[in-house]
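J.: In the working numbering, the protein residues as written are 27 to 483. Glycine included, C-beta positions come from ideal geometry on N, C-alpha and C.
#1: Measure the C-alpha to C-alpha separation of residue 538 and residue 212 and round it to an integer number of angstroms.
#2: For residue 421, which option in 410, 400 and 294 has the closest C-alpha, if you only look at C-alpha atoms?
#3: Determine whether the beta carbon atoms of residue 51 and residue 103 lie at a separation below 8 Å.
#4: Going by C-alpha to C-alpha distance, which of 472, 428, 154 and 195 sits closest to residue 179?
#5: Would a C-beta distance cut-off of 8 Å place residue 447 and residue 430 closer than the cut-off?
#6: For residue 435, does the three-state DSSP call read helix, strand or coil?
#7: Just confirm the distance between the C-beta atoms of residue 132 and residue 207, as a whole number of angstroms; I'd bet it's less than 8 Å.
#8: Can the beta-carbon of residue 295 be found closer than 8 Å to that of residue 250?
#9: Does DSSP classify residue 493 as helix, strand or coil?
#10: Could you spell out where the alpha helix (DSSP H) holding residue 101 opens and where it closes?
#11: What are the residues that DSSP puts in a beta bridge with residue 421?
#12: Can you give the beta carbon distance from residue 392 to residue 253, rounded, assuming they're within the 8 Å contact cut?
#13: Per DSSP, what kind of secondary structure is residue 259 in: helix, strand or coil?
#14: Looking at the unbroken alpha helix (DSSP H) that takes in residue 221, where does it start and where does it end?
#15: From 152, 190, 90 and 158, pick the residue whose C-alpha is nearest to that of residue 166; which is it?
#16: By Cβ distance below 7 Å, which residues in the same chain neighbour residue 270 in space, the five residues on each side in sequence not counted?
#17: Check the Cβ-Cβ distances between residue 62 and every residue of chain D, and say whether any is below 8 Å.
#18: Check the C-beta distance from residue 439 over to residue 370 and give it rounded, since I have them as a contact under 8 Å.
#19: Quick check: the Cα distance between residue 336 and residue 125, rounded to an integer number of angstroms?
#20: Where does residue 187 land, buried or exposed, given buried means 16+ other C-beta within 10 angstroms?
#21: Identify the continuous alpha helix (DSSP H) that holds residue 210 and give its terminal residues.
#22: Do residue 432 and residue 215 have their CB atoms nearer than 8 Å?
#23: Between the alpha carbons of residue 200 and residue 137, how many angstroms are there, rounded?
#24: Skipping 5 residues on each side, what residues in its chain have a beta carbon closer than 8 Å to that of residue 305?
#25: So, with DSSP's three-state summary, where would you put residue 231?
#26: Counting Cβ pairs, one atom from each stretch, are 3 or more of them under 8 Å apart for the stretch 167-174 and the stretch 138-145?
#27: Applying the criterion that 16 or more other CB atoms from any shown protein chain within 10 Å of the CB defines a buried residue, is residue 325 buried or exposed?
#28: Suppose you measure from the CA of residue 363 to the CA of residue 61; what does that come to, to the nearest Å?
#29: Look up residue 364 in the DSSP assignment and say whether it is helix, strand or coil.
#30: Within its chain, find whatever has a CB closer than 6 Å to the CB of residue 557; leave out the 5 residues flanking it on each side and keep chain order.
#31: Less than 8 Å between C-beta atoms, sequence neighbours within five positions excluded: which residues of the same chain meet that for residue 309?
#32: Please report how far the alpha carbon of residue 454 lies from the alpha carbon of residue 130, in whole angstroms.
#33: With the cut-off set at 8 Å, would you say residue 353 and residue 343 are in Cβ contact?
#34: Just checking residue 159 against the ligand GDP - is the residue's beta carbon closer than 7 Å to any of the ligand's heavy atoms?
#35: Spatial neighbours of residue 70 within its chain, please: C-beta separation below 6 Å, excluding the five flanking residues on both sides.
#36: What residue from 242, 361 and 49 has the CA that sits closest to residue 402's CA?
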């Protein structure tokens, strides 16, 4: 079946109303959950083949989080789908006003290669819970996972309801030629611009989850040993190929030396003296990204790491001490195991320097200064983030996850995900047992003028 036929069949299926009952949505979510549980080992093997992820990391960062999102939706979909009564103005008496979430209809989900299971199945669970049909397009850069997801989705759902399309740029272009009712895209800013441009041709609403240079700020009051441990965890997870990984550290000049020392110590503690021999340390996704990352390493500033293996596409964790804004690693999102260390002298500089940069997807602040924390969380612009930790803000269905400005638009996870894949209808149910005459012509100004002012004040 070609792409056009898939989209048309899904549109026809949606029009039958089959996806609307909450009982149907729950049944489909349960099917997806059962398939993920049943094929956990296969998912881990596919992630190892594409990215070198260990079984532990695959479950912690992908399969386990997917299971959590599906379970959240199973618990809450009934409540989210219910109509919500809102106050009715006196001028509209007698009536009931309510808001009712409705699915968009035919949706497209385009996912990236770095967390190919999580970033495919999480939005799919949200789309199903909201009552949509979906075409899923996994990344061609993760071929083992892409094939597995296509098989898993085909096992769970008929193609007129949910279908997976595999392939590369040709298939991406063909999908964007079609008119969908909603598009959900996760990936780079460059591709995101093209997706948004193509969506605009059909006036199709879209959520874009993009990336950016997410800063990690460490002030002079931070608990440095704990900060170093958490920064190393978040930065080198999946070899730095994480959209919300700390892209660089911006620390107070008085703690730079001690922080760099602790970061180096933590890398050795967590990954060993030779990370390339660590079976739980992954690899770069392909040769193009491998060589791009090597080009970002300034050997004169590298105080740790940088050893590489072209055969396994691995690069040992790198720390660049004394980095500057003009360094190659500061000109683009790194998306790899390279951590530049920059400094500031006064915290006011942080506001000024970040204001001149594109708004990041994530921001992290390590500090024990509560007034500063409150001020920074208000003044700095970013999609989401953490205080005294990194990355973990995306691992909950209780909060929406998304970017702002150049790092994306819209959010998902939990309620935010359900709402992203829904249109909220505002409806007034006007009663027929009475009818106020004041709104009809010819207007009775003397009779109803004061009453009208009272109703509409």
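T.: Looking at the atomic coordinates:
#1: For residue 538 there is no data in the structure shown, the boundaries of the chain being 27 and 483.
#2: 410
#3: yes
#4: 154
#5: no
#6: strand
#7: 5 Å
#8: In this structure, residue 250 does not lie closer than 8 Å to residue 295 by Cβ.
#9: The requested residue 493 does not occur in the structure, where the chain is confined to residues 27 to 483.
#10: 90-107
#11: For residue 421, which the question treats as bridged, DSSP gives no partner whatsoever.
#12: 4 Å
#13: helix
#14: 215-227
#15: 190
#16: 240, 387, 388, 417 and 420
#17: The structure shown contains no chain D; it is built from a single protein chain.
#18: Not a contact, Cβ separation roughly 32 Å.
#19: 56 Å
#20: buried
#21: That residue, residue 210, is in no alpha helix (DSSP H); its beta strand (DSSP E) goes 208-212.
#22: yes
#23: A straight line joining the alpha-carbon of residue 200 with that of residue 137 spans about 16 Å.
#24: 80
#25: coil
#26: yes
#27: exposed
#28: Looking at the two C-alpha atoms, the distance is approximately 33 Å.
#29: strand
#30: Only positions 27 to 483 of the chain appear in the structure, and residue 557 is not among them; the question remains open.
#31: These residues qualify, in order along the chain: 77, 78, 265, 338, 339 and 340.
#32: 21 Å
#33: no
#34: Among the ligands in the structure shown, none appear at all, so the ligand GDP cannot be discussed.
#35: 81 and 84
#36: The option with the nearest alpha carbon to residue 402 is 242.
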